[in-house]
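Per UniProt numbering, the sequence shown starts with residue 1, numbered consecutively.
Below is one structure, written out as C-alpha cells; the observations come after it.
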Amino acid sequence: MVGRTHVVGAGVAGLSAALSALSQDCPVTLYEAAPGTRSRDGGRSPEGETHSCTTGMDVLFAADCRAMALLRSIGAHARWIAPEPEGIPLYDAGSGGLRRVGLSPWSWLAPDRRPPDMRLSDLVRLTRLAFSKEDRSLGDVASGGTPLAELLEPVAGAALNLRLCDMPARQVGQVLGRFLCPGAARLLVPKRGLAEDLLEPALQEVRSRGATVRLGEHLRSVLVNDGRAVGLVFTDHATILGADDRVILALPPEEIGRLLPCVEMPSRCASTLNVHFRVTGAHCPRFVAFRGTLAKRALVRSGHACVTVAAAESTAIRDRAKLASRIWREVAPGFRALGLNVPADVPPEACVAQGPRIPIRRDDEPPRSPPLRPLANLVLAGDWLGPRPGTIEGAVLAGEHAVSVLRHARPGAPVRRACSAGARSGMADAVPISLRTPPEQAAR
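Okay, here's the thing in C-alpha cells:
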C-alpha cells in the first residue's frame, strides 16, 4: 500500500516535491501557512504599502535544467523572458558609464562584451576556474577590484545570491562550466513575478493532479516516536500519520530549527536585502548590475523596481527610509542610463524586505549541515540544503531529491538520529490541543 506524502511548505521546493511525488502516483497533501503560495524569500510589506513586496529572487538561467523542466511541466515556460539578450548592463557609479557584459564565457572573447581592462590572462584563469575542484572562497581566486572580480561579481552573484568573498570557487566554477554550452547563459525573468509565473501555475498543476491542498495551515510541531514522525500538529488540529506515510518539510532553516531543535543547523549564513520602489517607464522587464554601489543588481518591471543588496547582515536597516533613500541615490543614475525616466528623489511607497538566509562557511571550516533525513519517514527540502543555495534551481532540485530519498529509503535502514527521546517528549508535551483525523485519511 502506497502511503500519503505530506509536504509542508508551498514554496518552490515544496511545490517541486509535491509534483515529483505525484508523478510517481503517490497521494499528496500540501500544507502552507500562508493563505496562498509563497517563496522562501517572500518579503512582508510594511503596514500601509500598496504594492506587492517580495525579495525578488526570480532569476533563472537557461542552464537551470530542472527549473526549466518544471516550468514546461506546468505550462509556464513562455512566461519567462530574456530581459537583456545582448548581455547584462553593468553601471559603473564611479565613471557614470554603462557597459554590457556578456554572460556566456564565449562572449568574453569580444572586447566590448567584457569588463574594461580585462586581460587575456584573466580569461585563462576563468577557464581554470570552470574546471576547478578547489574548496575555497572565490575571494582568494579573484580579489575585489580586479577586472576578474568585476566580471564574476554580477554573473556569479545573480547565479548564487552571494557576495564575491562568500562565493565558493567550486560552485562558481560549476556555473561557468554550465554556461559553456550554447545558449545556457541566457538570463530569464518572469514577466509579472515569481508568484504569478511559477508558484500559482505550479499550485494549479498540483491541484489538477489530485493532491489535497490545505492553505492557512501553520505547523506548530512534529510528533515523534521511536525515530519516526507520527503526527503533524497545526494551529487547530493535528494530522495523525499512517504507518506508510511520509513527510517532507520544505521550510526555511529557522522553521526547521524551531520544529526540530535537536537538528544541527548551519552555523553561518548570509542574507540578502531588497528595496522595492514604485517606478514607471519600463514597458518590459529590465535587469541591471551595479559597480561601486551598495546595491548589486536590480530587476525593473512596469511600475516596480526591486534592488538587491548582497551581504545584508552588514547593512544597518534600523532606519528603512534612510536606507531606501541612499540606495535610490546610487541606482537612479543607472536606471536613467538604461533609458528609464525616473525621478531624482526617492519614489514614495519604498519597501525594504529581508531576503533568504543562505548558509555559507569559512575556508577552514568543515562542511556542516543538518541531516537530510533526520527521521525515518521525514526528510528536509529547501534550496539552503543543496549546492545551489538561494536559487530557484536549488529549490527545485531539493524538492525532487527529497522525494527520491524517501522513495529509496529502506524501512529498516539505519537513520542518522537527529532527535533524542528528550526532544521527542518535549515536542509532544507542548501540544495542548485535541487531535482529529483529516478527511483524506478517513477516506483511505
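Built from N, CA and C at the ideal position, the CB exists for glycine as well.
Asked: What residue range does the alpha helix (DSSP H) around G334 cover?; Found: R320 to A337
Asked: Do F287 and L273 come within 7 Å of each other at the CB atom, strictly closer than that value?; Found: no
Asked: Are the CB atoms of P347 and R278 within a distance shorter than 7 Å?; Found: yes
Asked: Are L340 and A395 closer than 7 Å when you measure CB to CB?; Found: no
Asked: Give me the Cα-Cα distance between S20 and R220, rounded to the nearest whole angstrom.; Found: 26 Å
Asked: Should H51 be labelled buried (16 or more other beta-carbon atoms within 10 Å of its own) or exposed?; Found: With a pLDDT of 45 at H51, under the threshold of 50, the predicted position of this residue should be treated as unreliable, and no value is reported.
Asked: Between A324 and V275, which are expected to be in contact by the criterion C-beta below 8 Å, what is the C-beta distance as a whole number of angstroms?; Found: 5 Å
Asked: Report the partner residues of W6 according to the DSSP bridge assignment.; Found: The amino acid at residue 6 is misidentified as Trp; the sequence shows His. Answer by DSSP bridge pairing, in chain order: T29 and V247.
Asked: Suppose contacts are defined by Cβ-Cβ distances below 7 Å. Is V175 in contact with P83 by that definition?; Found: no
Asked: Using DSSP bridges, identify the partner residues of N274.; Found: T308 and A353
Asked: In three-state DSSP terms, what is C269?; Found: strand
Asked: When DSSP labels each residue in this structure, what does R297 get in the three-state scheme?; Found: strand
Asked: Counting only the same chain and skipping the five closest in sequence on each side, list residues whose C-beta sits under 8 Å from that of A423.; Found: Here the model assigns A423 a pLDDT of 40, short of 50, so the residue's position is not dependable, and the following value carries that caveat. Answer for A423: V224, L260, P261 and C262, listed in chain order.
Asked: Nearest-angstrom Cα distance between A289 and G183?; Found: 20 Å
Asked: Per DSSP, what are the beta-bridge partners of R209 in this structure?; Found: In DSSP, R209 forms no bridge with anything.
Asked: Would you check if the distance between the CB atom of A305 and the CB atom of D197 is smaller than 7 Å?; Found: no
Asked: Who are the Cβ neighbours of H218 in its own chain at under 7 Å, not counting the five residues just before and after it?; Found: A33, F234 and T235
Asked: List the whole-angstrom C-beta distance separating L375 from A211, where the pair is believed to meet the contact cut-off of C-beta under 8 Å.; Found: At roughly 22 Å, the Cβ-Cβ gap does not stay under 8 Å, so L375 and A211 are not in contact.
Asked: Identify the residues that DSSP records as bridge partners of A238: which are they?; Found: V233
Asked: Tell me the DSSP secondary structure of D345 in three-state form.; Found: coil
Asked: Going straight from the alpha carbon of A337 to that of R373, what length do you get?; Found: 50 Å
Asked: Could you tell me the alpha carbon to alpha carbon distance between R66 and S73, rounded to whole angstroms?; Found: 10 Å
Asked: So what's L215 in DSSP terms, helix, strand or just coil?; Found: strand
Asked: Any idea what DSSP makes of G227, helix, strand or coil?; Found: coil
Asked: Could you give the DSSP three-state label for V279: helix, strand or coil?; Found: coil
Asked: Note down the Cα distance separating A332 from H6, rounded to an integer number of angstroms.; Found: 46 Å
Asked: Kindly confirm or deny that the segment 8–28 and the segment 248–259 touch, where touching means at least three C-beta pairs closer than 8 Å.; Found: yes
Asked: Within the same chain, show all residues whose beta-carbon is closer than 6 Å to that of residue 452, passing over the 5 residues directly before and after it, in chain order.; Found: Residue 452 lies beyond the residue range present for the chain, which begins at 1 and ends at 444; the question has no answer from this structure.
Asked: Keeping to the same chain, check which residues put their C-beta closer than 8 Å to that of Q204; ignore five residues upstream and five downstream.; Found: I74
Asked: Pull up the distance between the alpha-carbon of P111 and that of M118, whole angstroms please.; Found: 8 Å
Asked: Where DSSP assigns a beta bridge to W80, which residues make up the other side?; Found: P190
Asked: So what's L22 in DSSP terms, helix, strand or just coil?; Found: helix
Asked: Give the DSSP-derived three-state secondary structure of G11 in the structure shown.; Found: coil
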